[in-house]
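Below you'll find the structure, written out as structure tokens, and then a few comments.
Residue numbers (the working numbering): 726 to 866.
And the structure:
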């Protein structure tokens with residue numbers, strides 16, 4: 726029954742109950758970014774799942790293992806080393822969203838018109854989907 730519901734039911738965002746979750750492609754995300762105002766600082770994120778407690782040190786080890794240097798916890802962005810050897814457990818009740826920062830870009834004409842930046846955008850979104858196991862997010866700084 727669960728598999729049937731997952732196939733025919735409509736799922737909604739746990740943080741925004743009125744927003745249905747729909748499968749997006751790299752092209753869909755690219756088109757959405759094209760609608761953003763010019764000059765915005767955009768981060769492409771790949772969410773990480775943790776069902777148990779994790780320390781800052783363990784999180785930074787995972788980010789490095791994945792080959793990245795930045796991560797976000799809630800609305801805060803950190804660089805690897807900001808919490809080096811910090812064994813403090815991350816409070817998942819106050820910071821439930823943890824993600825790897827895949828790339829940072831500026832929106833606008835340059836992103837739309839420069840072919841190399843366009844390819845970078847597509848590659849970054851595709852990588853975010855891969856690292857996030859078919860999930861990714863956008864954050865505007």
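Ideal placement from N, C-alpha and C gives every residue a C-beta, glycine not left out.
For residue 761 and residue 818, the rounded distance between their alpha carbons: The C-alpha of residue 761 is placed about 31 angstroms away from the C-alpha of residue 818.
Could you compute how far the alpha carbon of residue 726 sits from the alpha carbon of residue 734? Note that residue 726 scores 44 on pLDDT, short of 50, meaning its location in the model is unreliable; the coordinates nonetheless yield the value given after this. For the pair residue 726 and residue 734, the Cα-to-Cα distance works out to about 11 angstroms.
Taking contact to mean 3 or more Cβ pairs, one atom from each stretch, closer than 8 angstroms, check whether the region 775–790 and the region 808–827 are in contact. Short answer: they touch.
Beta-carbon separation (whole angstroms), residue 772 vs residue 862, contact threshold 8 angstroms: The beta carbons of residue 772 and residue 862 sit about 6 angstroms from each other, so the pair counts as a contact at 8 angstroms.
Since I believe residue 770 is in contact with residue 835 (beta carbons under 8 angstroms), could you give me their beta-carbon distance rounded to a whole number of angstroms? So it is not a contact: roughly 21 angstroms between Cβ atoms.
Measuring straight from C-alpha to C-alpha, what distance separates residue 739 and residue 823? Taking the Cα positions, residue 739 is about 15 angstroms away from residue 823.
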